[in-house]
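Each remark here refers to the structure printed beneath this line.
Residue numbers (the UniProt record's numbering): 1 to 196.
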């Protein structure tokens, strides 16, 4: 759907998605020499996950994690339950131990835009994200230690500090392709100027 078609239907396209379609796609095609434009790596989904180990002792802790994830992503999270009972961790099968949200389409693009331009710059002493956390297939996972970097979280209502794992799933076949895609999307990687 082109920007003209989007304007006719009244649907506003996310800013980062527009930049990807108009500029980044062409740059990546030139950089890697793809014959077909469908080979250019793109964004599939963004998964935001949090584990709540304290939920084994206090079941109300999971409610705070669900509320935080809902505020940050704008989507109701799915509660993760234990598959097995583990006596050492005082964990029973079926007990809530975490929550995760899978964002696709425009929601994923908007979340990434907010993450890159608003949330990550608010991290204290932030020097950039590591470039080594790719999984071998062009997908990138990193952790955030506290939820307060997101503007959607009310600082006064934080009951406890929670961290999140964020996984960005792309159509890239290799880590180099995935790294190039995220670099063009302005991900703040460590030593970014050396690689650009």
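Each residue gets a CB set at the ideal place from its N, CA and C atoms; glycine is no exception.
Just so you know, these numbers come straight off a predicted model, no measurement behind them.
Could you check the C-alpha separation between residue i and residue j for me, to the nearest Å?
i, j, result
"residue 115", "residue 150", "8 angstroms"
"residue 188", "residue 64", "29 angstroms"
"residue 173", "residue 38", "13 angstroms"
"residue 191", "residue 34", "27 angstroms"
"residue 184", "residue 123", "21 angstroms"
"residue 67", "residue 44", "25 angstroms"
"residue 86", "residue 62", "19 angstroms"
"residue 60", "residue 144", "22 angstroms"
"residue 81", "residue 126", "33 angstroms"
Judging by CA-CA distance, which residue of the options is the nearest neighbour of residue i?
i, options, result
"residue 12", "107, 46, 40", "107"
"residue 131", "30, 41, 176, 74", "176"
"residue 54", "90, 189, 44", "90"
"residue 83", "75, 77, 94", "94"
"residue 129", "186, 172, 174", "186"
"residue 25", "35, 42, 14, 15", "42"
"residue 136", "92, 179, 59", "179"
"residue 162", "20, 44, 21, 49", "49"
"residue 69", "30, 152, 20, 113", "152"
"residue 101", "61, 21, 51, 32", "51"
"residue 164", "138, 127, 81, 120", "120"
"residue 147", "140, 32, 158, 138", "158"
Output yes or no for whether 7 angstroms exceeds the beta carbon distance between residue i and residue j.
i, j, result
"residue 167", "residue 181", "no"
"residue 46", "residue 111", "yes"
"residue 77", "residue 99", "yes"
"residue 133", "residue 142", "yes"
List the whole-angstrom C-beta distance separating residue i from residue j, where the pair is believed to meet the contact cut-off of C-beta under 8 angstroms.
i, j, result
"residue 118", "residue 73", "In fact, because the Cβ distance is near 14 angstroms, the residues do not count as touching under 8 angstroms."
"residue 17", "residue 109", "4 angstroms"
"residue 29", "residue 40", "5 angstroms"
"residue 15", "residue 113", "6 angstroms"
Answer with yes or no whether the minimum CB distance from residue i to chain B is below 7 angstroms.
i, result
"residue 84", "Structure shown: chain B not included; a single protein chain is present."
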